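Participant: Count the sequence shown with the working numbering and you get residues 1470 to 1557, in order. Cβ coordinates follow ideal geometry from the N, Cα and C atoms, glycine included. Keep in mind that this is a model prediction, so the values were computed, not measured.
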Amino acid sequence: MDQAACKGRTNLFFGIAGERPERRLRREESARKVCAECPVLLPCRDLARLNRENGFWGGENEEERAAAGHAPRSISRRSVQEAAVRAS
1470 MDQAACKGRT NLFFGIAGER PERRLRREES ARKVCAECPV LLPCRDLARL
1520 NRENGFWGGE NEEERAAAGH APRSISRRSV QEAAVRAS
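Okay, structure coming up:
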C-alpha cells in the first residue's frame, strides 16, 4: 500500500469525535475523490473488508462495507457518540 493516494491524509479517512453529519458527508466526499484516483483502490477495499476496519477505506465508509456484508468488528467511536446523542 506504499502507493496509496491517501498516504499521510488520515484526516479525510477518519472522523473526529463529535463530527457533525454535514461535515462527515463533505469529508467522505473528499475521501471518495482521492480513492477514485488511487492505484490501490481495490486491494485497499479488500483489505478493509477482510479486516472489518473502521473509517473510510477503498472508496467505502463503514455503512457501505456493512451493507456489503463486512461490518466492522468493533464499534466505532462515531457509533457510540451517535447512540449517546439519541439516548439524551
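Whose CA, out of 1471, 1482, 1512 and 1489, lies closest to the CA of residue 1502?
Facilitator: Cα-wise, what sits closest to residue 1502 is 1482.
Participant: I'd like to know if the stretch 1486-1500 and the stretch 1515-1523 are in contact, where contact means that at least 3 CB-CB pairs between them fall below 8 Å.
Facilitator: Output reads no: the stretch 1515-1523 does not touch the stretch 1486-1500.
Participant: In whole angstroms, what is the alpha-carbon distance linking residue 1492 and residue 1484?
Facilitator: Each residue's alpha carbon lies about 9 Å from the other.
Participant: Given residue 1517, which residues of its chain have a CB within under 6 Å of its CB, disregarding the five upstream and five downstream residues?
Facilitator: Cβ neighbours of residue 1517 beyond the five flanking positions: 1526 and 1527.
Participant: Just mark residue 1530 as buried or exposed, buried being the case when its beta carbon has 16 or more other beta carbons within 10 Å.
Facilitator: Buried, because 16 or more other Cβ atoms sit within 10 Å of the Cβ of residue 1530.
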